[in-house]
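Quick notes on the structure that follows.
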Amino acid sequence: MNNENEQLKSDLLINDEKIKNLNFKIPWYYSLWTISILILSTFSTYSISFIVAIIFLFKRNKIMKKHKDSISILLSDVEKINNKYILLNDEIKMKEKHFEDLCESNENKLKELSNLLDKKKVEIDKFDSENQDKFKLIEELKIEKERLDNLIKDKNILKDNINTLNSHLEELKNEREELRDINTTLKNKKEELKRLSEELIQTEDEVLLQSFGLYNPKYDFENSDEYMEKLKEIREMQKLLIRNKTGVKYSDSWTVDGSVQKGRTMTNQNIKTALKLFNSECDIAMSKVSFKNIDSIEKRIRKAFTDTNKLNTSNKVSIKENYLNLKIDELYLYYEYLQMKEEEKEEQRALREQMKEEALVQKEIENQKRKLKKEELQFKNELLRLKSTIPEDENDKLEWEQKINSIEEKLALLSKDLDDVLNREQNTRAGHVYIISNIGSFGENIYKIGVTRRLDPTERINELSSASVPFKYDIHATIFSEDAPKLESALHKAFDNKRVNKVNNRKEFFEVTLDEIRSEVEKNFDKTVEYTKLAEAQEYRQTLKIQELNNKLA
1 MNNENEQLKS
11 DLLINDEKIK
21 NLNFKIPWYY
31 SLWTISILIL
41 STFSTYSISF
51 IVAIIFLFKR
61 NKIMKKHKDS
71 ISILLSDVEK
81 INNKYILLND
91 EIKMKEKHFE
101 DLCESNENKL
111 KELSNLLDKK
121 KVEIDKFDSE
131 NQDKFKLIEE
141 LKIEKERLDN
151 LIKDKNILKD
161 NINTLNSHLE
171 ELKNEREELR
181 DINTTLKNKK
191 EELKRLSEEL
201 IQTEDEVLLQ
211 SFGLYNPKYD
221 FENSDEYMEK
231 LKEIREMQKL
241 LIRNKTGVKY
251 SDSWTVDGSV
261 QKGRTMTNQN
271 IKTALKLFNS
281 ECDIAMSKVS
291 FKNIDSIEKR
301 IRKAFTDTNK
311 LNTSNKVSIK
321 ENYLNLKIDE
331 LYLYYEYLQM
341 KEEEKEEQRA
351 LREQMKEEAL
361 VQKEIENQKR
371 KLKKEELQFK
381 NELLRLKSTI
391 PEDENDKLEW
401 EQKINSIEEK
411 LALLSKDLDD
421 VLNREQNTRA
431 GHVYIISNIG
441 SFGENIYKIG
451 VTRRLDPTER
461 INELSSASVP
471 FKYDIHATIF
481 SEDAPKLESA
491 LHKAFDNKRV
501 NKVNNRKEFF
511 EVTLDEIRSE
521 VEKNFDKTVE
531 YTKLAEAQEY
541 RQTLKIQELN
551 NKLA
């Protein structure tokens, strides 16, 4: 079809060229005007003009025929082209018709395919919906299969275990008889253990809790003698309850072999046994009392009271609450009595320490007095000797006067030092308040604030740096005061809530900064005090360096 179209286009182009090449122009001398003129001139020129006219007419007709033939050929070609065009046009129409039919057919097929596709989609959705549950079921089956596999493995393991157990079964059967005997023994022991466990009151948890507790005294006596007097009073009250039988419950209707008298004798014996057992338990418990277990000891006494009464139920004898309460009072009195005795021992130790310190101070003062008086006597003798020998030479006399002035100045200083020593001897409150630390032993910002009447306070501080602490104390300040105990007391009171030991006030350690101490000193002391802020702690720092070096070498 495409080739025919191309051919038709080519033929049309050739005809266009032919049409362009057609020349319908007739020479002027062959025109009808010229021939007519020649014919008309025949009458004047006779036959020559006519002949020429005939010739021109003939030529003209020949030319016209030639042109007519060309046109006929061209028309024939045009007709052929036209026929081809008609054929092509018909063929195109047929093709168009075929194409339209084909399009229509394709559209119908497309509609059918679209309908079919919609149906398939519905079927696919239905299939997916139906298979979704199947997929879920497949996953569940996979999980179940895995579980079953695990169960099979477990079963195999159990089977192996069963085989192993079966191998020991015979041994166990042989031991079963022995275990029955042991179980019988254990049962008896468990009963006994249960009974003993109920009696055991002082457990580790209770001890731990009590060790952190604070005891509130029930009595407030001044000294141990007053506590002992109260203890005697309570014990006399217990004896009175025993003598009058008002501390126990008993039955007067008890008889033995029909005899009321024998019944009373048996009852008295039972009362005596019950009280003796209870008192023994109380004495044993009280002998172990301490600040850690006071509550546990009370529970133990109450438990002994209950157990004693249970044991004597069949005898119709029981100890009364009034007797138990006296024992509880005795417990706390005895505990506070022990505490008071310990405090008095501590006070006695502190008093002995103070007396020892006073003796050392007095000895130090006496030695200083002897030393100063000896020096004073030497200078006075030297002064008398110089004054008794007055030189005559002026130069020697000038040197002599300078020596006398020097000795008199030294005597004045010695006199002042001696007055200070005598003042210290008479004024027992004069002394030094010292502020010291020991970071190697106690850490940073822990200071001891104490007082000493020693003439040289460093001697007392060196004594504190004895074998009781691993490192020496560092001195941050020593403050001389005419009333050193008052200044010390003021500082202790200011830092009371910062004590390291909040129970024993004789332990003079405080968790404060040196700036806080300086501030309180300024409030209570109006003279200048020199402070050493940085603790030297030489031995401690050298120890750290040695430890660091050892760690590197390790």
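For the sequence shown, the UniProt record's numbering assigns the number 1 to the initial residue and increments by one for each residue that follows.
Quick reminder that beta carbons are idealized off the backbone N, C-alpha and C, glycines included.
Asked                                                                                                                                                                            : Found
Do you know how far the Cα of Asp160 is from the Cα of Ile143?                                                                                                                   : 25 Å
Looking at C-alpha atoms only, which residue of Glu459, Ser437, Phe525 is the closest neighbour of Val512?                                                                       : Ser437
Classify Ala359 as buried or exposed, calling it buried when 16 or more other Cβ atoms lie within 10 Å of its own Cβ.                                                            : exposed
What's the call for Thr203, buried or exposed, on a 16-neighbour Cβ count within 10 Å?                                                                                           : Residue placement at Thr203 is poorly supported in this model, since its pLDDT is 45, which falls under 50; the coordinates still yield a value, given next. It counts as exposed.
Label Leu331 either buried or exposed according to how many other C-beta atoms from any shown protein chain fall within 10 Å of its C-beta, with 16 as the threshold for buried. : buried
Figure out for me which residue from Lys397, Lys373, Trp400, Asp396 has the closest Cα to the Cα of Ala412.                                                                      : Lys373
What's the C-alpha gap between Tyr241 and Cys282?                                                                                                                                : It is Leu, not Tyr, that sits at residue 241 in the sequence shown. So the alpha carbons of these two residues sit roughly 16 Å apart.
Rounded to whole angstroms, what is the Cα-Cα separation between Lys545 and Leu338?                                                                                              : 47 Å
Would you call the CB atoms of Glu346 and Asn504 closer than 9 Å?                                                                                                                : yes
Please classify Tyr250: does DSSP put it in a helix, a strand, or coil?                                                                                                          : coil
Let's test the definition: count the other Cβ atoms within 10 Å of the Cβ of Val122 and tell me whether it reaches 16, buried, or not, exposed.                                  : exposed
If Ser224 sits next to Glu344, beta carbons under 8 Å apart, how far is it from one beta carbon to the other, in whole angstroms?                                                : 6 Å
May I ask you to report which of helix, strand or coil DSSP gives Tyr334?                                                                                                        : helix
How is the alpha helix (DSSP H) around Lys232 delimited, first residue to last?                                                                                                  : 224-244
Identify the residues that DSSP records as bridge partners of Lys448: which are they?                                                                                            : Ile436, Phe509
Could you tell me whether the segment 355-369 touches the segment 449-456, where touching means 3 or more Cβ pairs closer than 8 Å?                                              : yes
To the nearest whole angstrom, what separates the beta carbons of Glu482 and Ala535, a pair I think is in contact under 8 Å?                                                     : With 8 Å as the limit, Glu482 and Ala535 do not qualify as a contact, their Cβ atoms being about 29 Å apart.
List the endpoints of the continuous beta strand (DSSP E) containing Ile479.                                                                                                     : 474-481
Is Gly443 helix, strand or coil when you go by DSSP?                                                                                                                             : coil
I need the boundaries of the alpha helix (DSSP H) containing Asn551, first residue and last residue.                                                                             : 538-553
Hey, would you say Phe305 sits closer than 9 Å to Lys288, going by beta carbons?                                                                                                 : no
Let me know if Ile152 comes out buried or exposed under the rule of 16 or more other beta-carbons within 10 Å of its beta-carbon.                                                : exposed
Quick check on DSSP: helix, strand or coil for Ile390?                                                                                                                           : coil
Taking DSSP as the reference, what is the three-state secondary structure of Arg499?                                                                                             : strand
Taking the beta carbon of Ser259 as the centre, do at least 16 other beta carbons fall within 10 Å, making it buried, or is it exposed?                                          : exposed
Among Ser251, Asp125, Arg352, which has the Cα closest to the Cα of Asn268?                                                                                                      : Ser251
Quick check: what's the CA-CA separation for Leu549 versus Gln542?                                                                                                               : 11 Å
Could you tell me which of Arg424, Asn61, Ala490 sits nearest to Ile449, measuring between CA atoms?                                                                             : Ala490
Count Cβ pairs between the segment 457-464 and the segment 404-424 that sit closer than 8 Å; are there 3 or more?                                                                : no
Among Ile157, Leu386, Asp154, whose alpha-carbon lies nearest the alpha-carbon of Trp400?                                                                                        : Leu386
I need the DSSP call for residue 555, collapsed to helix, strand or coil.                                                                                                        : Any property of residue 555 remains undetermined from this structure, which presents the chain solely from 1 to 554.
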